[in-house]
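Inspection log for the structure reproduced underneath, given as structure tokens.
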Amino acid sequence: MTRIFLKSIIIFLFILSANLAKAENKILLIGDSLSAGYGLEQEQAWVHLLQNKYNQENATITVINTAISGQTTDNALLKVDGWLTTHQPTHVLIELGGNDGIRGFPISLIHKHLTYLVTKSQKIGAKVALMEIQIPPNLGPRYTSMFKSNYQKVADKTGAYLMPYFMTSIAIDTSLMLDDNLHPNAKAQPIIRDFMYKEISQWLNNS
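Numbering (my numbering), first residue to last: 431 to 637.
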């Protein structure tokens, strides 16, 4: 009887282990136009291309894209509780702040909003990555420097994973940008997909 019981326990643990190994990573992406595919067909956008890559590899990764063009950190705060409740993500990737910075929002306010977005996500047990957004130098070197360093400060404060900006090399190449010189064009999307594939892999391995 004891031997049968132990055998059942071993089988149960084996099945449990196998199921955990196959557990799906659900990444909730909270972003703006750069991740919403502004000016493009959705099939061209990097998030769609990345999901296709995961599907082709039979990877247990689903990217839930809630990016909205024009979204600011305070806009996202109004919606984040609903997104977290609905999707129950294992991971949250925050790609926000660019619209705040372009509009000259106070750095302290951006810091507060990003911190809330991170901590709200962490409270449901999600691992959080914060993308280190950069903005054009229109508002002067002091504001630009404070804006960039704010991301490291939020990451240090919350323990969020700091992810490098996917636009750093693309934004300086006009052949990869739309005519507005703010958004990446269709040619840039596979480049962003490959960048994010690498960065997300590193994040998942470290979380």
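Where a beta carbon is used, it is the ideal one built from N, C-alpha and C, also for glycine.
Legend entry - Contacts around Y581, its chain only, beta-carbon distance under 8 Å, and the 5 residues preceding and following it disregarded: G527, L544, L560, M561, E562, I563 and L592
Legend entry - Short Cβ contact (8 Å threshold) for G534 with L569: yes
Legend entry - Exposed unless 16 or more other CB atoms sit within 10 angstroms - verdict on R572: exposed
Inset, instruction - Return yes when the Cβ of A489 is within less than 8 Å of the Cβ of L459, no when it is not. - result: no
Inset, instruction - Please state whether DSSP places M561 in a helix, a strand or coil. - result: strand
Legend entry - Alpha-carbon to alpha-carbon, D603 and K658: Not covered by the structure: residue 658. The range shown for the chain is 431 to 637.
Inset, instruction - Please name the residue, chosen from M607, V558 and A601, that lies closest to N635 on a Cα-to-Cα basis. - result: V558
Inset, instruction - Using alpha carbons as the reference points, say which of M607, L608, A616 and F596 lies closest to K628. - result: F596
Inset, instruction - State yes or no: is the C-beta of I554 within less than 8 Å of the C-beta of L514? - result: yes
Legend entry - Alpha-carbon spacing of W633 relative to Q518, whole angstroms: 19 Å
Inset, instruction - Let me know the secondary structure DSSP gives I622 once reduced to three states. - result: helix
Inset, instruction - Measure the alpha-carbon distance for K456 versus A618 and round it to whole angstroms. - result: 25 Å
Inset, instruction - Leaving out five residues on either side along the sequence, give the residues of the same chain with a beta carbon under 8 Å from the beta carbon of M607. - result: I600, A601, H613, P614, N615 and A618
Legend entry - Environment of Q481 [buried if 16+ CB atoms lie within 10 Å]: buried
Legend entry - Same chain, Cβ closer than 6 Å to S637, five either side skipped, listed in chain order: K557
Inset, instruction - Go through the stretch 457-511 residue by residue and report every complete run of the beta strand (DSSP E) that reaches 3 residues or more, in order. - result: 491-495
Legend entry - Delimiting residues of the beta strand (DSSP E) encompassing H521: H521 to E525
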